[in-house]
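In what follows, a single structure is set out as structure tokens and then discussed.
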Amino acid sequence: MTAEDQSLIVIALLPFLGALFPGVMIRAGRNACAIFTALPTALALTMLLIHAPQVLDGQVITAELNWLPQLGLSASFFLDGLGLLFAGMILGVGLLITLYARYYLSGDDPMGQFYTYLLLFQGAMLGIVLSNNILLLLIFWELTSLSSFLLIGYWKHLPEGRQGARMALAVTGAGGLAMIGGMLILGQIVGSYDLTDILAAGDQIRASEWYVPALILILLGAFTKSAQFPFHFWLPHAMAAPTPVSAYLHSATMVKAGVFLMARMWPALSGTPEWFYIVSTIGLITMVLGALIALFKDDLKALLAFSTVSHLGLLTMLLGFGTPMAAVAAVFHIINHLTFKAALFMTAGIVDHEAHTRDIKRLGGLRTLMPVTFTIGTLAALSMAGIIPLNGFLSKEMMLEEASHTDWAGSHYAVPILATIGALLSVAYSFRFIVHVFLGPVRDDYPHKPHDPSFGMWAAPALLVGLVVLIGLQPVLVEPLVKIAAGAVTGGDLPDFHLKIWHGITPALYMSIVAVLGGAVLLAMHAPLDRIWIAAPRPEAKAIFDRLMGVCVGLSRRITEATHDGALTRYLAIFVVATVALGFAAWRGGSMPAPTRGLLPIPPMAAVGWILLLVATASMVAVHRNRFRALVVMGVIGLTISVGFVYLSAPDLALTQISVETVTIMFLLLALHYMPKSSPIESGAVRRVRDGVIAIAAGCGVGALAYAFMLRDTATIADYHLANSYEGGGGTNVVNVILVDFRGYDTYGEIIVLGIAGLIIFALMEALLSGPAARKLRNTDYSKDRSRDRHPLMMVVATRVMMPIAVVVGIYIFLRGHNQPGGGFVAGLVISIALLMQYMASGFAWTQSRQRIEYHAMIGLGAVIAGLTGAGAWLAGRPFLTSAFGYVHIPPIEEFELATAMLFDLGVFLTVLGAVMLMLYSLSRIARYAGETMNVEPMDYDPSDRTRLARQGEN
Amino acid sequence: MIEVALLFAFACFGLGLLMCLWRLTKGPDSADRILALDTMVINVIALLILYGIWKGTAVYFEVSMLVAMVGFVSTVAYCRFVLRGDIIE
Amino acid sequence: MIVLAEILVSLLIVIAGVFGLVGSYGLVKLRDTMQRLHGPTKATTLGVGAALIASILYFTIFKDHLSFHELLITLFLFLTAPITANFIAKAYMVRHIRAKDLPDTGGEYGWAAYDDPPGAFEKE
Amino acid sequence: MEIVVATSVGALTAAGVYLILRLRAFAVILGLALLSYAVNIFLFASGRLTVNQPPILSPYGEASYTDPLPQALVLTAIVISFGMTAVLVMVALGAHLESGSDRIDLDKPDAGEDEALEGPAQ
Amino acid sequence: MIHRIIPHPILSLTLLLVWLGLVNTVSLGNLLLGAFLGLTVPMLTGAYWPNRPRLRRPLVVIEYILVVLWDIVVANVLVAKIIVFKKNDDIRSHWVNVPLELRSPEAITVLAGTITMTPGTVSASLSADGCSILVHCLHTDDPDAERDGIKQRYERRLMEIFE
Amino acid sequence: MNHWVIAPVILPALLAPLIGFVMRHDIQLARIASVTGTVALAVIALGLAALAAGGSTEVYYLGNWPAPFGIVLVLDRLSALMVLITSVLALIVLIHAIATGWDARGRHFHALFQFQLMGICGAFLTGDIFNLFVFFEVLLIASYGLMIHSGGRERMRAGLQYVVINLAGSTLFLFALGTLYATTGTLNIADLAVRLQEIPAEEAALVRVAAMLLMIVFAVKAALFPVQFWLPGTYANAPGPVAALFAIMTKVGAYAILRIHTLVFGPGIEATDGLAGSWLFPAAVVTIAVGAFGVLGARRLMPLIAFSVVGSMGTLMIAVSAFTPTATTAALYYLVHSTFAAAALFLLADLVIARREADGLRAQPAIVQNGLFAALFFAGAIAMAGMPPLSGFLGKLLVLDALRAPEVITWAWSAVLISSLMTIVGFARAGSLLFWKSTAIEAPAAPEGEGEGEELPTPAEPANAGTAEIAPVMVALAVLVMLSVFAGPVADYLDGTTAQLFDREGYVTSVIGTETES
Ligand code: NA
Ligand code: NA
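What follows is the structure in structure tokens.
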């Protein structure tokens, strides 16, 4: 019987909404801040209590919002007994903590932050206990880790705080991730992430082969959260947090999340030997171990922390037993532990706050100085010890009762005895809390003279202790809650039972008597035992954790820095090797059809070219250290390749190749002037052999690939281009038509690339000349044994004729490009080369001074012209780059063609010219910076001038 | 008859190219290498002209002209690098 | 007539080949760089020149359309060859020949590669 | 002829790869230039080899032409690689001027910039 | 005035011819276009050719060209002989200093070019003040004769043309 | 034909030259133009996304040539989505660059920025494989310029490496394209898909090589092992805003693999059956590990973030490698998430480093607004580490949920889960060192480990970060919040996207099937 009620969502979200306020309200003062923290909590609590009756008579309240259906994640909540119990605890204690913290936090602690974190955490916890979708639960689960990280690290300036926070995050985070895996597996088994579905599918889950992995992963999450052995070590270190945090997270709520989860999943996961042995054993060990450590802790909070560990172990053990009554006991003890432990933490906080120390060895005799605190503390401690008639006694009796008839691997005694020892130890440390802190003589060496705090601070613990006594005397009051919660845990069927103090003479009674007496004795001989304990060697969890972390970080760092050390050459080697290997693997995966093409003959001239290319390539490798020689060799290679293109019917390629070649070499020469002229031998023989092998492998791969496809025909789309070049594109040079029309968009991108290159080089030059490089340039002398004539007369004169001719040639190549080899790009390069000629003859500075050309503008203009030409087609409603052309005939001139493609090509032309020139300009700027003077005359010396001057001298 | 002559000429220039290559790799001075490259360029031009005759097409004319122009510029550039370091000071 | 033309063209082509070869051969055979410099100038002038004339005749006679663009290349080469030779010579000299091993200019200034031009210092 | 082209591509690639594995920026530049030659020929060859069939439509008669598309692609590739090379050269020059060395690999990261972990609570 | 429009008439003419050479056909359209280029291009590049050398005596120009061409043919054969048949040890190369009367840079350049193009001699360098050319002779027994030959055959004519 | 399809390319392509050449002396004018253009781009992208949401595939025939002979642009939900992400990210980054004055520390920032956008949008929109190459080059060369923007020793050297590795990549791209054209005779992606279906398995050797080479090319961009080495050095040395913009660059690689290896070489193509996935998966797993180790071992803030980016790419690609619709949806969701997460972190890091002496992960006197930056860093960190409530967690769940195949589940899940733990711990370390421990140090006290041969400390500006500086980070984080709050609707859109992506026939018919008008 379920009831839909969306207000559940409001309850779940209230804390998060509330979290927005403290940060703001802190400006209005600490009280306002506290109030605005309390309000949402109180509101949520009231809303919860409104639902309580329904839930208590067995209803389950649900609410659902779609979130990510693709994943089966929905914001769906449900409130059953167990949920009610925990939600009540979370909100109730939250309220008390808010009050307590208001007085606990000192003036210079950022209170707004604290309350914000607190509310975030509260919301996360609330979410966990109300989620009806395990993915949603996971989200809240992780949120508790995060928010507790913030809370524990609240005192940023304390290293303990920071480390404790990080440790808690690491451990619980790890658990959380494991749990994600477990939950996803559950979802897979059941086919739904809805908790109700999963709880209903217990048998299916237990039957699945994925059961054990899922169980282990989920338990990892639970154990880490609930500080179960061997993950118990983080909890004490989390105690660096302010006491309110410890009281809230580490007694009442977060650490119980693990217990809650086990209780929640009980119907789905429990009832198998795996469950029993893992859970109960871990619980048992934790209980005893925690208690033992607690006994010897001198820091009040540490003592309480380990006692918490121990009690969580107790709960875990009970859930591990897997019997309904054990579940009842667990639920009941959850309530009791909450009451006395929260009270104790607050007491410890008060003591700390008043006496300015939490060290038991420095305390004692506070009974007379702070009677109220004493009363509260004592009652709570007695309950923790399980002394009749306080509530601790009742649940401990039930625990011992369950333990007394639990067999463990066939033995009747293992569990009962260990359980008794656990109880005994907890009696001991509880008594110690009372005796060593409050009893005994008043001392005069407290760091600060203690006295009872203001009401506001002891109100909260007092209230809790009230509950301790009340529940102890009248357990019936909580019976319905326990019943319904336990019912929720077990999934309904509970034996009829009643919570009462007196169960008659039972084994449990004997066990607890033994425990109490033994505990007293143990306390009596604490001093000697303590010495033994201190002397005894034992693993220091923190140290181990730190070392582990150090190792992980160190290892990661070594791995990372060994592989990512900026050795580009290795990166490239790996790149090439991987490529060759994978390419080969891919090739192996299929086979090839028989060759369909015959081989072309190799005429002698081709053979000569072949030799030229191979020899040049080889010598390039041989002489690459002598950089200038390498560049000369490069010239040979470029020349050979262009001739090859001519032979293989690609005149356009030949034109482009040869002109690009030249400009590139120019550029390299210009740069080489400022770089070392030779590379030293740096790589050893082994390295060179290795590289050689890699290189040859790559070469063979590529060669084989090319050879393979050159022997086989494929139908290509190019027939269309051949067919439509003239009619559709208005040009007979199909390559050019492809460039400016069929694939003009490529060319557009390509000239953009050139334009950008120009820009970058310019920007880079500017950056260099305004950086340290400028100093280097100024201070280095680049003029070693140079010839004394900078601008030889002959060159200057020859250029005066050559340059105009070259320009005309450029114009010619541009104009005919559409129908014959050529086009805007080559034309651009030819003109640049013409200008280069001029620069080499008379120098860049002089040439520029004679006639300033704005290369920036030229690039921009080119790019824009090309772009607008393409966009012009829009006016005709055609897509970008749609071309138009027509033939003009003005008698008596023979007809000629006009095409938008040529306008586009003009854009190409301008961009190329501008880009190349801007690059050269940038480099010559550097030259000027390197201290080169600018010549005022076109040539070094003009003899005719001298004679003219002479004549003037005569007359 | 012209074919024969052409084949002969091809052979000559081909041989010439190889000789240039030899000089280019042997050096000894960078001037020799530049000279060798320049001579290669000239041989290539001749070859292109002859190839045009061989195929009876003028398509390859631009290439040879461009090679001539470009060859000049790069030769000067190489020399200027040796002579002055900065080629367009 | 056609036969004559054929003979003429073939002859020119052969001449081109021969001189091209000789030019390159000089490059291999001759002893020092300055001497080698003489080789290519031959290949350039007569070799390519002959080939170009052959081409002109061939296209004008056999492909019967007046073709004279080969002249451009000739013009080009005639303009550039001296400059390149001059540069290469200097590139060699500055590294291997000391000024005093050269004949004196007879004027107050030395050879361009070795001596600053008149008034060079006003500019600096 | 195919074997000529294939071997040439292979040789250029091998040389290029060897050079880009050198330790100096300039060698790497040369290597990349060779690689760009290699890839241009490779791309060109993907249109298969033909002799004296340039894709220049002749007004008269049914001539056969080579595949023009790869030629166009190669042109684009040449231009782009030209721009790239130019930038590369300039960046290399910049790196050399800024750092005083034209080594291509970075120096090893200097250790001890931070504490590996905060030491145990002092 | 006319100089401002046509700074270099000969250049303009050359460019027209170049254009016709490029298109390789003579037609009205190309003539016009060529003429247009012949006018505009020099204007664009004129900035790089500040002074305006004048050519006198066009007949001498033609004569000069013919002389040079003839010398090229003849000398080529001679040099080819030297290269092919002479043993390296028998080749006697010489540096020759040719003092110049020519002053115009254009004239000096043409002379230097001529020296290089006529085989057997390569003009290696000018003097810093451009008053003499350093010539390298591949093989000669009488360097002075070479010098006088150059001055007589070429420089004299160039003086008439340029100065 | 809808001319708006090409607007995302043409707008920046025309704007950039104007900025670069007309306004190059007036930074203010350039800023205005750049921002205006980017806003316009975002608006257009939004419109296109809305258009594509209809499920139709818009094809734009450039030059009015019919496919596959001309170049086509294809706007489907995927490309629209990518363009939208790009424009939004660009706007965020641009504001940051202007607010922090990065754009004025060198020449031509805005021109290069616009060109960068042109390249990225072009790459996302094109339906032609060679044109994809061209636009890769456009975006790459622009990125070179941005990477070395404002120079500096370390940056120049890292920039050089970035350029070299990418040039090698481009070369490989061309080898791949050559092989592809030689074996299929076409460049149009739709046409390729058709022809691949016709190639029988026993004749597939060459085309398989092409497919593999292409995948490696894209892997370089996507920073997948073993070609991820370049990324940390590059991103760590790039100017903050540029690094943030680069968050989309890695996604270009991911996009290309999604597009090409789903549509052309994808499921059901017997010639290249299972080729991509079988290699992508292990590569992705290792990449995740590389990222995790890097984050945990990082000495400095920028590398830390850079490595987390590597890790996120691994997670993204591990989902891609499944080539199933659900996994692809997950991948896309994670793609969007990781883009903005990385951007937020890089922008934040830039603000923080500008106020510290160096980006070493060591305690220094607390910077101004320590609390604010700490909070923002915390948010960014949990986003990157995939913790709730930000979208990273949902993304991770989606990925894990999609990788259930028995042969992958173990490796995939352990890789993702363990790596996120390492990431969490790494970021926790960093945060606590940067923002918490620093509060323990008095302002005048000299930071320990001073001057260990590190580059000159950037002068710490005490200036408070203004709204304009904080806003971009905030917006990026806000996107993440939206992404997780509205995960349902987003996932719906992505489901549609995936469906469209896997509908090979639909794509082919809409590109080749239809005739061009005129
Ligand atoms: Na192009
Ligand atoms: Na190139």
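Chains as they are written, first to last, in the working numbering: chain A, 183 to 1137; chain B, 75 to 163; chain C, 1157 to 1280; chain D, 24 to 145; chain E, 36 to 198; chain F, 19 to 536. Cβ coordinates follow ideal geometry from the N, Cα and C atoms, glycine included.
CB of residue i within 7 Å of CB of residue j, strictly
i, j, result
"A348(F)", "L281(F)", "no"
"M469(A)", "G604(A)", "yes"
"A880(A)", "V803(A)", "no"
Spatially closest choice to residue i from the options, by CA coordinates
i, options, result
"D106(E)", "M78(E), I150(E), E195(E), D183(E)", "I150(E)"
"F1007(A)", "L576(A), G686(A), I558(A), E932(A)", "E932(A)"
"A1112(A)", "L401(A), P1003(A), M857(A)", "M857(A)"
"T204(F)", "G88(F), V61(F), M500(F)", "G88(F)"
"A302(F)", "A381(F), I287(F), A359(F), A241(F)", "A241(F)"
"R544(A)", "A1045(A), L221(A), V617(A), L645(A)", "V617(A)"
"A988(A)", "I1163(C), L1228(C), G1262(C), D1272(C)", "L1228(C)"
Contacting residues, own chain, Cβ-Cβ under 6 Å from residue i (five flanking each side not counted)
i, result
"T539(A)", "P629"
"Y88(D)", "Q76, P78"
Same chain, Cβ closer than 7 Å to residue i, neighbours up to 5 away in sequence not counted
i, result
"A478(F)", "Legend: pLDDT at A478(F) = 47, less than 50; position of this residue unreliable, value from coordinates given subsequently. Cβ within range, chain order: R373, R374, E375."
"D379(A)", "V372"
Host beta strand (DSSP E) of residue i (start-end)
i, result
"Y78(F)", "76-79"
"F1067(A)", "1067-1070"
"T244(A)", "242-250"
Residue environment, residue i, which counts as buried when at least 16 other CB atoms sit within 10 Å
i, result
"N63(D)", "buried"
"Q656(A)", "exposed"
"G484(F)", "exposed"
"W1267(C)", "buried"
"K455(F)", "buried"
Close-in-space but distant-in-sequence residues of the same chain around residue i (CB under 8 Å, 5 per side omitted)
i, result
"G124(F)", "H167, S168, G169"
"Y286(A)", "P424, T425, P426, G531, H535, M639"
"E466(F)", "Its pLDDT being 41, under 50, E466(F) is placed unreliably by the model, and the measurement read from it follows with that caveat. Counting only Cβ-Cβ distances below 8 Å, and skipping sequence neighbours, we find R380, A381."
"G469(F)", "With a pLDDT of only 37 at G469(F), under the threshold of 50, the placement of this residue in the model should not be trusted; the figure read from the coordinates follows. Result list for G469(F): empty, nothing under 8 Å."
Start-to-end residues for the alpha helix (DSSP H) that takes in residue i
i, result
"M842(A)", "Checking the sequence, you will find Val at residue 842(A) rather than Met. Counting along the chain, the alpha helix (DSSP H) containing V842(A) begins and ends at 833-854."
"P553(A)", "553-567"
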